[in-house]
Amino acid sequence: MNILIVEDEALLALELESELETAGHTIVGQAMSSAQAKKLADQSRPEFAFVDIHLLDGPSGIDVGRHLAGLGIPYVFVTGNLKRIPEDFAGALGAIEKPYTMNGLQHALGFIERFVSGAKSDPIPPSLVPAPRIKNETRVSCAG
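UniProt numbering puts the first residue of the sequence shown at 1, with every later residue one more than the last.
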């Protein structure tokens, strides 16, 4: 997948980029602010994005998420504060809580890859907090 990383902590962004590239994905860009993220999303049209909630310009990751959702780009929040996520998850598939382990990230990424490609019956890994709509979609698919 072509992936956008929206993260204001350079070390975390580089670590995530390395892990995603090792898994065979292409990083189309990294953004540290909401304006940068929206511009990159508009220009590169990634297939997926990882979005931190608190960016250089404040807690603007939710606005970035809504922008991505408006473009039809699936994404997950990567955050140290799950309480900041709105009830509707702003269109996100879910969230990965910081600090995360590489193993947890790999399990979440595997689920995300399969979910985005249409396989909605896989169990949700513990490292991914699913949005309510995803939890319901996956549960329905598992039962059906």
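Here a beta-carbon is modelled for each residue, glycine too, at the ideal position from N, C-alpha and C. As the structure is a prediction and not an experimental result, all values here were calculated from the model.
Quiz item: Using the C-alpha atoms, what's the distance from residue 90 back to residue 167?
Solution: Outside the displayed range of the chain (1 to 144) lies residue 167, so it cannot be described from this structure.
Quiz item: Between residue 8 and the ligand MN, is the CB less than 7 Å from at least one heavy atom?
Solution: The ligand content of the structure shown is nil, which means the ligand MN is not present either.
Exercise. Output the boundary residues of the alpha helix (DSSP H) element that contains residue 14.
Key: As a position in the sequence shown, residue 14 is number 14, starting the count at 1. 10 to 22 is the span of the alpha helix (DSSP H), which, as asked, contains residue 14.
Quiz item: Taking C-beta to C-beta, are residue 28 and residue 50 nearer than 8 Å?
Solution: For the purposes of this step, residue 28 is taken as the residue at position 28 of the sequence shown. For the purposes of this step, residue 50 is taken as the residue at position 50 of the sequence shown. It is not a contact, given that the beta carbons lie outside the stated cut-off.
Quiz item: Straight-line CA distance for residue 115 to residue 122?
Solution: As a first step, residue 115 is located in the sequence shown; it is residue number 115 there, counting from the start. As a first step, residue 122 is located in the sequence shown; it is residue number 122 there, counting from the start. If you take the alpha carbons of residue 115 and residue 122, they lie about 8 Å apart.
Exercise. Please name the residue or residues paired with residue 146 in a DSSP beta bridge.
Key: Limits of the chain in this structure are 1 at one end and 144 at the other, which puts residue 146 out of reach.
Quiz item: residue 26 to residue 2, Cα distance in whole Å?
Solution: Taking the sequence shown and counting its residues from 1, the one referred to as residue 26 is at position 26. Taking the sequence shown and counting its residues from 1, the one referred to as residue 2 is at position 2. Roughly 5 Å separates the two Cα atoms.
Quiz item: How many Å lie between residue 61 and residue 82 at the Cα?
Solution: Taking the first residue of the sequence shown as 1, we reach residue 61 at position 61. Taking the first residue of the sequence shown as 1, we reach residue 82 at position 82. One C-alpha to the other measures close to 12 Å.
Self-check item: residue 16 versus 45, 112, 100, residue with shortest Cα-Cα distance
Solution: On the sequence shown, position 16 is the one that residue 16 refers to. Ranking the options by Cα distance to residue 16, first place goes to 100.
Quiz item: Can the beta-carbon of residue 127 be found closer than 8 Å to that of residue 96?
Solution: Numbered from its first residue, the sequence shown carries residue 127 at position 127. Numbered from its first residue, the sequence shown carries residue 96 at position 96. Taking 8 Å as the cut-off, the beta carbon of residue 127 is found closer than this to the beta carbon of residue 96.
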